[in-house]
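Per this note's numbering, residue 1158 is the first one in the sequence shown, and the count goes up by one each step.
Glycine included, C-beta positions come from ideal geometry on N, C-alpha and C.
So the structure is just underneath, and the comments pick up after that.
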Amino acid sequence: MWRLGIQYWAYWVLVQLFFGLLVVPLLLAVWGGPNGSDGLDTSVSSDYYAVVPLLSRVAGLAVAILTVWLAGRFLDRRPFSAFGFRLGAGWWLDLLFGMVLGALLITAVFLVELGLGWVEVTGSFETHGGAPFLIAILFPAATFVCVGMSEEMVSRGYQLKNAAEGLNHPALGPRGAILLAWFLSSVFFAVLHANNPNATLISTLNIVLAGLMLGFGYVLSGELAIPIGLHITWNFFQGAVYGFPVSGFGAFGPTLLTTQQDGPELWTGGPFGPEGGLLVPGIMLLGMSLIALWTRLRTGKVSLHTPIAERRA
């Protein structure tokens, strides 16, 4: 267990670097404004609110890649590819599936709310500035790519794998170790989001379930393709396509549709976004079912990828 302790200490350092260079600048950019104002100052050029969060996310991705590589090289003694990046045709196909799945799941949320009269479309192709929409939308797209890659690399690729290895004892075995590590990493993922703006008990529990959904493709395949693809479009379609708040943050620049939520916050999530409401758990369970179906079609079976918990000398 001492090895697990050392790796978690290293992971904690990674988290400090990751969030110190990522979340704090993002909060300052979105909530403080360029001049330290007390809120989102719409009189300031929207370029600031598009570029600064993107640069912060790019920096966060660079830090995540560097620290995971360093931890893998000097602590784990394994190549970077072992953290879920064994690239090949199948990996890219799974990435595409994850991206399509994320888009479909959030579209389902939108259509249900629209059908129930809980959301109203008030505009379209909103840019909050003079840039052409197709150019402006690239900023949140790139931002959410960085978010998806960095968070999955840290939470699933590094943390879940090392936890599964450390918990792999005769009492649990590799399958039990993976299941427990999957759950614990999802809880930790939710804790990291618990202080987001407008967070509630329901949103935190939903983020645990989101962690399980995102990690499901990883524990079945040992690769991060499905989690990364799903994470990217899950966020992108929430914030930049349907205009929902994303995990409590509501200012992400251009949106394909401008919407206003009028339904019960208990179900819609209100200012936290769909992840804070009771509608989303069913959508996430549907997502996990579709991941299992895809895995069955691709590999002929649905089972835990036990090498995740097996330390190779």
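In this structure asparagine 1352 is exposed. Its beta-carbon is surrounded by fewer than 16 other beta-carbon atoms within 10 angstroms. Around the beta carbon of threonine 1279, fewer than 16 other beta carbons sit within 10 angstroms, so the residue counts as exposed. Nearest in C-alpha terms to threonine 1463, of all of Phe1401, Gly1379 and Ile1448, is Gly1379.
Scanning the segment 1256-1298 from its first residue to its last, the whole alpha helix (DSSP H) runs of 4-plus residues come out as 1290-1293. Runs of the alpha helix (DSSP H) lying entirely within the segment 1401-1458 and spanning at least 4 residues, in chain order: 1422-1425 and 1437-1456. In the three-state DSSP reduction, histidine 1388 falls in the helix class (H, G or I).
In terms of Cβ geometry, glutamate 1277 and threonine 1416 form a close pair [threshold 8 Å]. Annotated as distal: glutamate 1283 and threonine 1425, with beta-carbon spacing of 8 Å or more.
Ranked by how close their Cα comes to the Cα of alanine 1320, the residues Ile1335, Ala1328, Leu1329 and Pro1327 have Ile1335 in first place. Counting the other CB atoms within 10 Å of its CB gives tryptophan 1249 a total below 16, which places it among the exposed residues. Around the beta carbon of arginine 1214, 16 or more other beta carbons lie within 10 angstroms, which makes this residue buried.
Methionine 1445 and tryptophan 1451 have their C-alpha atoms some 10 Å from each other. Contact between glycine 1305 and histidine 1388 holds, with the beta-carbon distance rounding to 4 Å and staying under 8 Å. With a cut-off of 8 Å on Cβ pairs, the segment 1418-1438 is not in contact with the segment 1285-1303, counting fewer than three such pairs. The beta-carbon separation of arginine 1313 and leucine 1227, rounded to 18 Å, does not stay under the 8 Å limit for a contact. DSSP places leucine 1253 within a helical segment (H, G or I) once states are collapsed to three. The alpha carbon of serine 1360 has as its nearest neighbour, out of Ser1404, Phe1393 and Val1376, the alpha carbon of Ser1404. In this structure, DSSP gives histidine 1462 a state outside helix and strand, which the three-state scheme calls coil.
If the five residues before and after glutamate 1309 are omitted, its C-beta is found closer than 6 Å to the C-beta atoms of Leu1381, Pro1384, Ile1385 and His1388, all from its own chain and listed in chain order. In this structure proline 1236 is exposed. Its beta-carbon is surrounded by fewer than 16 other beta-carbon atoms within 10 angstroms. At a Cβ-Cβ threshold of 8 Å, valine 1311 and alanine 1239 do not count as neighbours.
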